[in-house]
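Participant: One structure, pasted below without further comment.
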Amino acid sequence: MKLFTVKLTIFSFLLISLFPLDLAFSQDSETLEGIEEIVVTARKREENIQETALSVSALSSRDLDRRFPNDIRDLAGDSPNLIIDDLQQGPGSPTAIFIRGIGVSDVEKNFDPTTGVVIDGVFVGANSGAMLKTIDLEKVEILRGPQGTLFGRNTVAGVINLTRTRPTGEVGGKVRVGYGDYDTSLVDAIFNFGNETAAFKISTTHREQKEGFLTNLVDGSDLGREEYYQVTANALFSFNENVEIELTFTDEQQDQDAHTSLNLGAAGTWWCAAYGQCSPGIGIPQSGDRWAVYNNEPKRRDAFFESKTGILEVRWDLSDNYRVDYILGRKTTDEEVDQDWDGTPLTLYHTDRRAEYEQDSHELRLTSDLDGSFNFVVGLYKWDSEYTIPMESRIGFFDLFGAVPRTDPLIVVPIYAFTNQETDSIAVFFEGDYDINDQWTLTLGGRFIDEEKQTYACQGPGPYPDCSQLDVSAKKSWDEFTPKVAVSYQMNEDILYYLSYSEGFRSGGFNGRWGNAFTATTPYDPETVTNIEVGVKSTLMNNRLRLNVAVFDMEYDDKQIDVDVADPSAALGRSTVSANVAEATFSGVELEIYAIVNQNLSLDLNVGILDAEYDQFFADFLGTGTPKDYSYLEPLRAPELTWTFGINYEWPLGPGLAYIRASAHFIGEHQTSQFNTPTTFNEDQTIYDISLNYEFNDTVISVFGKNLSEEDGFTVGYDVFGGAAWSYAMARAPRVWGINITQEF
């Protein structure tokens, strides 16, 4: 694998270096328009993507319109080495975002992300509530590799940067209505009004899926219904040519069926064997359909999620050479879900989980635009967040000497736990570019972060504030410095080479799923990622071909992993803690190609090659008191190969324009559970999507299909007590189709 990676890297660089720049795809290429310039803000300033010395993919609003994403989970195929899986573990669309094999697959908010999701300049610090569903997007940027200098903590894998459109100050807008499979309907709308000094925008989204794609084998009902509503109010005030103030408020609400696990426990595991819930081979007796599950949660209430976000942004041009930006962001979320985790007809393990979360962030930046050889961005950043989770777990027990298989447990024991955690962080950062000459540029940057976390844990025989069984608290502080050094060489106006070194860290913290005072108050330390990367960006063939290549080697230290430990005070004799137990190396190659073949046809291709392995991994997963070597395990969601190939074809038809987009997204085999359980392993998958569109005047009629091959790979897998109890997983959504009508005015 590594030898192949080296060969591909050498070939790619030689190909670009030796490419005849005046070559064309067709004889009429000189009469065709070239590739449209893409402007990104990956380095907190506007730059041509081909002049930015880092790995970044970008999608414009036009690109998004042709892909019909429900949210950014549908854009995983538009960047190499990117997997975005629906965790299906609660409301608010919690996701597992993995870039270059690095990510987090957990819904609890004590687990900080590894990929920063940034919406209009505001970092979203929680896993749920980051998947904004709207057509009101100007662009999406996907930054790969640690972004610790400019984006700070919890960006060791990268950043997904979402930018919504700004108010135009003119009366106008866009409305989209649609209908699709599983009785799904949608209405999206944007309305602009105002003038040059006071511009306003209202956008709203309502999406409802009335039929679920899961079949509940307990009663034959369908599961997976969902209703989502979002409204955003946006105001932009331009006091003069130098000062702008923008205010944005977003309210999101989501009601849905609670997700249900597919039990994959093998015969002989102690939970299944004790309760007679296993058949020969694997799993609870079922049809073999991954969209057929057992859910006997007695409450069966809808899972609920609500989020409110407010953003204040001030942009002040001090002069032609200096600009000050201040961004204040505040976000609150409230969620609740009753969930059946055992995936059997019995009440073996259910939870009633509620969570409240709030975050406040302040960012102040000074950016230069000097005529000389040196430019910079410098800033201050302040972060505060708090979350609270009261949770009831219901554990079912039989009279094991006389239990009758497939009957309800004789005893269901409720266990109440309450957790509150707070985070306070402050940082100062700097990044500067020095033009050594017309071709060579040196970039230096760094960020210093001071962070403190504190936790409070309570447990009693009744709900909070009954803390008669446990009542403890703790706090811990960390200091981190994340540097960046890069050098770039502009060979000519079409080709840029770069070499970079960067670091990032993911915050330490306290376990949110504790079993006793020790596991509740013992902290785990930050994990760090060091990235060395070399890349080339090229625009060739008279601006008909964009070809970018990046080669990276990332060293992952003090990796945080959930560990099961012996805990006599816990209901099941064990509890889960987080610990720094592993070191790993992630290296690979990324290739991105976009080509305009002729006036009708364009092609896009991205390829991600990844070699991921643990260098060291000692942990006491089974709670025996003796750590074992687990370095033979494969890291999660780290396929050796991913690629996406897209075809875009358009032609005049009658009074309008017809266009088709078809794509194939390949995801190589990979693990979804920490213990690499065979039953949760994903084989190779190829996901096919297509859309047919007709545009006339200001109207677009679209028909689209997603996952045409009906791949049923798992989006999440989990081993309870290392798989000794049972394993569960959840499959991706099946094939869906839809029709949309979009009207601009």
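Using this note's numbering, the letters of the sequence shown map in sequence onto residues -1 to 743. Ideal Cβ placement from N, Cα and C applies to all residues, glycine included. Given the structure is predicted, the values throughout are model-derived calculations rather than measurements.
Determine whether the beta carbon atoms of Ala548 and Ser53 lie at a separation below 8 Å.
Facilitator: Contact: yes.
Participant: Which residue comes first and which comes last in the alpha helix (DSSP H) that contains Ala155?
Facilitator: Ala155 -> no alpha helix (DSSP H), and no H or E assigned at all.
Participant: Using C-beta distances below 8 Å, list every residue in its chain close to Pro760, excluding the 5 sequence neighbours before and after it, in chain order.
Facilitator: The structure shown has nothing for residue 760, since the chain only spans -1 to 743.
Participant: Determine the direct distance from the alpha carbon of Trp641 to that of Asp369, and round the result to whole angstroms.
Facilitator: Distance between the alpha carbons of Asp369 and Trp641: 41 Å.
Participant: Counting only runs of 3+ residues fully inside the segment 321 to 358, write out the beta strand (DSSP E) ranges in chain order.
Facilitator: DSSP runs (the beta strand (DSSP E)) wholly in the segment 321 to 358: none.
Participant: Quick check on Phe2: does DSSP put it in helix, strand or coil?
Facilitator: Bear in mind that a pLDDT of 47 at Phe2, under 50, signals an unreliable position, so the number given afterwards is only what the model happens to contain. In this structure, Phe2 counts as helix in the three-state DSSP scheme.
Participant: What first and last residue would you give for the beta strand (DSSP E) that runs through Asp63?
Facilitator: That residue, Asp63, is in no beta strand (DSSP E); its alpha helix (DSSP H) goes 59 to 63.
Participant: Please identify the residue among Asp110, Gly170, Leu130 whose C-alpha is closest to the C-alpha of Phe743.
Facilitator: Out of Asp110, Gly170, Leu130, Gly170 has the C-alpha closest to the C-alpha of Phe743.
Participant: Assuming Glu638 contacts Gly666 under a Cβ cut-off of 8 Å, what Cβ separation, rounded to an integer in Å, is found between them?
Facilitator: Glu638 to Gly666, Cβ: 5 Å. Contact.
Participant: Kindly say whether Ala94, judged by its beta-carbon, lies nearer than 8 Å to any beta-carbon of chain D.
Facilitator: Among the chains in the structure shown there is no chain D, since it carries only a single protein chain.
Participant: Between Lys131 and Gln251, what straight-line distance do the alpha-carbon atoms span, to the nearest angstrom?
Facilitator: So the alpha carbons of these two residues sit roughly 11 Å apart.
Participant: Where does Ile33 sit, in a helix, a strand or coil, going by DSSP?
Facilitator: DSSP places Ile33 in coil when its eight states are reduced to three.
Participant: Classify Val718: buried if its beta carbon has 16 or more other beta carbons within 10 angstroms, exposed otherwise.
Facilitator: Result: buried.
Participant: What are the partner residues of Asn238, as DSSP defines its beta bridges?
Facilitator: Answer by DSSP bridge pairing: none, since Asn238 is not bridged.
Participant: Taking Cβ positions, are Asp602 and Gly644 nearer each other than 8 Å?
Facilitator: Yes; because the gap between Cβ atoms is below 8 Å, this pair is in contact.
Participant: According to the Cβ coordinates, are Glu611 and Ala577 closer than 8 Å?
Facilitator: No. Outside cutoff.
Participant: Let's see if you can read the secondary structure: which residues bound the beta strand (DSSP E) around Thr213?
Facilitator: Element bounds for Thr213: 212 to 214.
Participant: Check whether the Cβ atoms of Pro92 and Asn68 sit closer than 8 Å, and answer yes or no.
Facilitator: No, the pair does not count as a contact, with Cβ atoms beyond the cut-off.
Participant: What's the gap between the Cα of Thr365 and the Cα of Trp314?
Facilitator: Answer to the nearest angstrom: the Cα atoms are 10 Å apart.
Participant: Quick check on Gln419: does DSSP put it in helix, strand or coil?
Facilitator: DSSP places Gln419 in strand when its eight states are reduced to three.
Participant: Our contact map puts Glu224 next to Gln254 with C-beta atoms below 8 Å; I'd like the distance itself, whole angstroms only.
Facilitator: Their Cβ separation, rounded to whole angstroms, is 4 Å, which keeps Glu224 and Gln254 in contact under 8 Å.
Participant: Quick check on this structure: which residue in Ala729, Arg635, Phe550, Ser201 has the alpha carbon closest to the alpha carbon of Ile100?
Facilitator: Closest by alpha carbon: Arg635.
Participant: By a C-beta neighbour count over all protein chains shown, 10 Å radius and 16 as the cutoff for buried, is Arg60 buried or exposed?
Facilitator: Label assigned to Arg60: exposed.
Participant: DSSP state of Ser27, grouped into three classes?
Facilitator: At Ser27, the pLDDT of 45 sits below 50, so the modelled position is not reliable and the matter cannot be decided from this model.
Participant: Within 10 Å of its beta-carbon, does Gly138 have 16 or more other beta-carbons around it, so buried, or fewer, so exposed?
Facilitator: Sequence inspection shows Val at residue 138; the Gly mentioned does not correspond to that position. The residue in question, Val138, is buried, as its Cβ has 16 or more Cβ neighbours within 10 Å.
Participant: Between Ser671, Ala74, Gly123, which has its C-alpha nearest Glu384's C-alpha?
Facilitator: The candidate whose alpha carbon is nearest that of Glu384 is Gly123.
Participant: Please report the distance separating the alpha-carbon of Asp367 from that of Phe428.
Facilitator: Each residue's Cα considered, the two are about 15 Å apart.
Participant: Can you give the Cα-Cα distance for Met129 and Val376, rounded to whole angstroms?
Facilitator: Each residue's alpha carbon lies about 29 Å from the other.
Participant: Are Leu468 and Gln457 close, meaning C-beta to C-beta below 8 Å?
Facilitator: Yes.
Participant: Here's a check: name, in chain order, each residue in its chain whose Cβ is nearer than 7 Å to the Cβ of Thr166, leaving out the five neighbours to either side.
Facilitator: Asn190, Ala197, listed in sequence order.
Participant: Quick one: give me the first and last residue of the beta strand (DSSP E) that Thr519 is part of.
Facilitator: Counting along the chain, Thr519 falls outside any beta strand (DSSP E), though it belongs to the alpha helix (DSSP H) covering 515 to 519.
Participant: By alpha-carbon positions, which one of Phe211, Ile200, Asp217, Lys107 ends up nearest to Ala750?
Facilitator: This structure leaves residue 750 out entirely; the chain is present only between -1 and 743.
Participant: Are the CB atoms of Ser391 and Ile413 nearer to each other than 8 Å?
Facilitator: A contact, by the Cβ cut-off of 8 Å.
Participant: Output the distance between the C-alpha atoms of Trp724 and Ile133, rounded to the nearest integer angstrom.
Facilitator: Rounded to the nearest angstrom, the two C-alpha atoms are 41 Å apart.
Participant: May I ask you to verify whether the segment 313 to 328 touches the segment 352 to 361, counting CB pairs closer than 8 Å and requiring at least 3?
Facilitator: Cβ pair count under 8 Å is three or more, so yes.
Participant: Would you tell me roughly how many angstroms separate the C-alpha atoms of Gly736 and Thr203, rounded to the nearest one?
Facilitator: Those two C-alpha atoms are separated by around 17 Å.
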